[in-house]
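A short write-up of the structure that comes next.
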Amino acid sequence: MPADSGPAVAGPDSRGAISRDEVAHLARLARLAVTDDELDVFAGQLDVILGAVARVGEVAAEDIPPTSHAVPLQNVFRPDVRRPGLSQEQALACAPAAEEGRFRVPRILGEEQ
Amino acid sequence: MSDLIRLTAAELAAKIHSGEVSAVEAAQAHLDRIAEVDGEVHAFLHVGAEAALANAALVDEAVKAGTAPASPLAGVPLALKDVFTTTDMPTTCGSKMLEGWRPPYDATLTARLRAAGITILGKTNMDEFAMGSSTEHSAYGPTRNPWDLSRIPGGSGGGSAAALAAFEAPLAIGTDTGGSIRQPAAVTGTVGVKPTYGGVSRYGLVACASSLDQGGPCARTVLDAALLHEVIGGHDPLDSTSIDAPVPAVVEAARIGAQGDLSGVRVGVVRELGGEGYQPGVRASFEAALRRLEKLGAEVVEVSCPHFEDGLAAYYLILPSEVSSNLARFDAMRYGLRVEKGASAEEVMAATREAGFGPEAKRRIILGTYALSSGYYDAYYGQAQKVRTLISRDFAAAFEQADVLVSPTAPTTAFPIGEKVDDPLAMYLNDLATIPTNLAGVAGMSVPSGLAEEDGLPVGLQVMAPALGEAVMYRVGAAVEAARDADEGGPLIARVPEVAK
């Protein structure tokens, strides 16, 4: 499904032009605290890559159904039988922080919430 | 150097199972070899000597007790790509994000290797989260190609391929999302197989692009790859995309192929994969392979797959889209790296992902986020999925005219380390010929076709087959291998220079 908030800049018609601001916006959406230097490099590189992949738009495919998966599969079910899962200890063993048998995480809600 | 490390997996297994050589000796010989050369090659991220020797000792006990071996490969050492989970070794995927991560469960593939009595020597280096064609995008430094230590071993499974070419292991496991098994095999003079999508379980395989990822066998001979294929293949209820059908009889097919008769087999040369953009020595080696195929009795025809030319573009929209979604799981909360910077979960997440991912992972996450954004989705991701359909149709039409399709595996031989690392698009072009197979979910393999005249480096022949058509693919691969070895007076891999120290 489409992401909730796309870059509110130009559409794909302005092909070959992804701006530094757009890259910064996308990095924020993807939860990447990229540096200014990275933005400079990525903006140029992504511009080149997008210029190359834009050719998919020129393929005549109006009536062609999309393929999301190479092997056509219907829902796959298995018998609903109990089997052992991870213990609490195993699940927490690799946690960056745990407390009282739970994952300890930073504040999730903002001040205003 | 111990002679044991030069044996094929099939030869070594025979010696172990007859009691001529112990599995412990075999494991130790390879551990010694790793200690000797891996400082230069850097194929391994982790070596699990203790567990390897313990497994080997169990195999030896069984041999002494006269019990049938757990599998035809029991006791044979193997190098496992560091993208499959292992409870007894770290699983890093070549990323700082998972440095030191000890998964709480084994991948199905790992469990099958263990049940087969195969000795897992350690975990091999790879481009971070399997994104790259050179293993230079590993957070732990590049792997070097044993044919020329200044060159790349391919990627993302460069560690597994280099381990084979450096005689550090006779068997290895790779994963292939757009060529990550086949291209490393081509540039290291080894054999690599991407099974049909769904042919090998993805449970416990850390996802790159879920609709494209496929684990598969790597070896120095086609028969060894086939033996390993039958160990790891088959239905797994824990992977809902796993195909519920018997594993194709690839060992039998490889043995038949090695007898050197391909009469009645139709081989289709894909017009769109070759020619311009392919190195002259690669083209010459491919032509030589075609002549060999004709000599073996195959009927060589030309086929056209016009949409393959759009495969790279479609792939570099579909793959980053899936990557941006899959790598969202690295959120610093439940496992993996956490950088305590900022007060909120969101700030910690962004700081962690910034520190934990390398540049290629970040590029693809951003690209995928872009392709999936509203306003762009139909034009990019949606359109790429339609092209994917057209590529599958091209395959279907081509397989009406031919039993297998062939092309060079990669457009060039191994290039120098550092040459393309700052030019992502140039790096992506390495996968030009391997990508269509992944998009359509069909099977593909790379088998050595020779050395390029201009640089003396290995070239791979790609053989592609319809879904679950691995048997004919292995038959053709084994026939080409046997014919090349006979013409040249020995296997190509025998010509790899000894690792300089």
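If you read the sequences in order, they're chains A and B.
Note that my numbering has the first sequence beginning at 4, numbered continuously upward.
Note that my numbering has the second sequence beginning at 7, numbered continuously upward.
C-beta: ideal position from N, C-alpha, C; glycine also.
Bear in mind that the values here come from a model prediction, so they are computed numbers and not experimental data.
| Asked | Found |
| --- | --- |
| Exposed unless 16 or more other CB atoms sit within 10 angstroms - verdict on Gln93(A) | exposed |
| Selection from Phe336(B), Arg369(B), Phe90(B), Asp384(B) that minimises the alpha carbon distance to Lys102(B) | Phe336(B) |
| Proximal chain A residues relative to Glu360(B), where beta-carbon distance stays under 7 Å | Leu35, Ala36, Val37 |
| Exposed unless 16 or more other CB atoms sit within 10 angstroms - verdict on Arg85(A) | exposed |
| Chain A contact for Pro503(B) (CB, 7 Å cutoff) | no |
| Straight-line gap, Gly106(B) to Asp24(A) (C-alpha atoms, nearest Å) | 36 Å |
| Cutoff 7 Å: Leu29(A) Cβ touching any chain B Cβ | yes |
| Three-way DSSP call (helix, strand, coil) for Pro10(A) in this model | Bear in mind that a pLDDT of 42 at Pro10(A), under 50, signals an unreliable position, so the number given afterwards is only what the model happens to contain. Here Pro10(A) sits in coil by DSSP. |
| Per DSSP, cross-strand counterpart(s) of Arg39(B) | For Arg39(B), which the question treats as bridged, DSSP gives no partner whatsoever. |
| The segment 370-386 of chain B: positions lying closer than 7 Å to chain A by Cβ | Ile371, Ile372, Leu373, Thr375, Tyr376, Leu378, Ser379, Ser380, Gly381, Tyr382, Tyr383, Ala385, Tyr386 |
| Cut-off 6 Å between Cβ atoms - residues of its own chain near Pro15(A), not counting five sequence neighbours on either side | Confidence in Pro15(A) is poor, its pLDDT being 44 and thus under 50, which makes the residue's placement unreliable; the coordinate value appears in the next sentence. Within the same chain, Pro15(A) has no close Cβ partners at all. |
| Gln220(B), buried or exposed, once every other Cβ within 10 Å from all chains shown has been counted against 16 | buried |
| DSSP state of Thr125(B) mapped onto helix, strand, coil | strand |
| Nearest-angstrom Cβ-Cβ length linking Ala259(B) and Pro326(B), presumed shorter than 8 Å | At roughly 36 Å, the Cβ-Cβ gap does not stay under 8 Å, so Ala259(B) and Pro326(B) are not in contact. |
| Closest residue to Phe314(B) among Ala80(B), Ala334(B), Ala367(B), Lys392(B) (Cα-Cα distance) | Lys392(B) |
| Touch test, the segment 80-91 of chain B against the segment 56-72 of chain B, Cβ-Cβ under 8 Å, three pairs minimum | yes |
| Beta bridge counterpart(s) of Arg81(A) as assigned by DSSP | Beta-bridge pairing links Arg81(A) to no other residue. |
| Span of the alpha helix (DSSP H) around Gly263(B) | 256-264 |
| Three-pair Cβ contact test at 8 Å for the segment 37-45 of chain B versus the segment 184-203 of chain B | no |
| Contact set between Glu352(B) and chain A, taken where Cβ atoms lie within less than 8 Å | Arg34 |
| Same chain, Cβ closer than 7 Å to Phe421(B), neighbours up to 5 away in sequence not counted | Arg157, Ile158 |
| Sub-7 Å separation of Thr419(B) and Asp384(B) beta-carbons | no |
| Short-range partners of chain A found in the segment 305-318 of chain B, where Cβ spacing is below 9 Å | His313, Glu315, Asp316, Leu318 |
| Gln93(A) at chain B interface by Cβ criterion, 7 Å | yes |
| Pairwise C-alpha distance: Thr181(B) and Arg394(B) | 20 Å |
| Nearest-angstrom beta carbon gap, Val482(B) and Val273(B) [assumed within contact, 8 Å] | 7 Å |
| Contacts that Ala338(B) makes with chain A (C-beta to C-beta distance below 8 Å) | Pro99 |
| Cut-off 8 Å between Cβ atoms - residues of its own chain near Gln42(A), not counting five sequence neighbours on either side | Residue identity differs from the one stated: residue 42(A) is Leu in this sequence, not Gln. So the qualifying residues of the chain are Arg23, Val26, Ala27, Ala30. |
| Cβ of Pro442(B) within 7 Å of any chain A Cβ | no |
| Beta bridge counterpart(s) of Cys224(B) as assigned by DSSP | Ala178(B), Gly198(B) |
| Own chain, CB closer than 8 Å to Tyr382(B), minus 5 neighbours either side, in chain order | Tyr376 |
| Backbone secondary structure at Ala215(B) - three-state DSSP | coil |
| Beta bridge counterpart(s) of Asn151(B) as assigned by DSSP | Asp154(B) |
| Cβ-based neighbour list, Ser330(B), same chain, cut-off 6 Å, excluding 5 preceding and 5 following | Ile371, Gly374, Thr375 |
| Same chain, Cβ closer than 6 Å to Gly9(A), five either side skipped, listed in chain order | Low confidence applies here, because Gly9(A) scores a pLDDT of 41, under 50, leaving its location unreliable; read the following figure in that light. Here the set comprises nothing. |
| Minimum Cβ-Cβ distance from Ser246(B) to chain A less than 7 Å | yes |
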